[in-house]
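Everything on this sheet refers to the single structure shown next.
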Amino acid sequence: MRAAVPLVASVLVSLLSAATPCHAWDHGDRQAYNNKMSLLKVLVDGAKDRASNSGDLETLCLLMSIGNDVTSQYVQLNPADQQVKIRLSNMKTDMTSCLALMHQLDQSI
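Take 19 as the starting number for the sequence shown in my numbering and just add one per residue.
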């Protein structure tokens, strides 16, 4: 189960970096951000199902962390986008909850 985490991470990073040209972030391209987040949403939804069925919180937390990083980069380049700032705050809360639950489960084993 833990061996799949690096594989998922490497595939996701390659997909996200290939999804748009690098210069798209330089221009604060909201569409590029939306495309990346759409891909992540599909992966996170699958990871939620997997976590429910098998207890694999590591993959879910990893994908949530990647979503936070992508959103944080976008907010840094587009500080006036209040909608995404609020989304980032909520995403950080969700990821913190995921990590806390994962830690709690590790302690109980």
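Each residue gets a CB set at the ideal place from its N, CA and C atoms; glycine is no exception.
These figures come from a predicted structure and were not determined experimentally.
Three-state class that DSSP yields for residue i in the structure shown
| i | result |
| --- | --- |
| I104 | helix |
| A50 | helix |
| D99 | coil |
| I84 | helix |
| G64 | helix |
| D112 | helix |
| D124 | helix |
Supposed close pair residue i, residue j - CB separation, criterion 8 Å
| i | j | result |
| --- | --- | --- |
| M113 | S72 | Wrong, their Cβ atoms sit about 20 Å apart, outside the cutoff. |
Could you say if the segment 88 to 97 and the segment 119 to 127 meet the contact criterion of at least three C-beta pairs nearer than 8 Å? no
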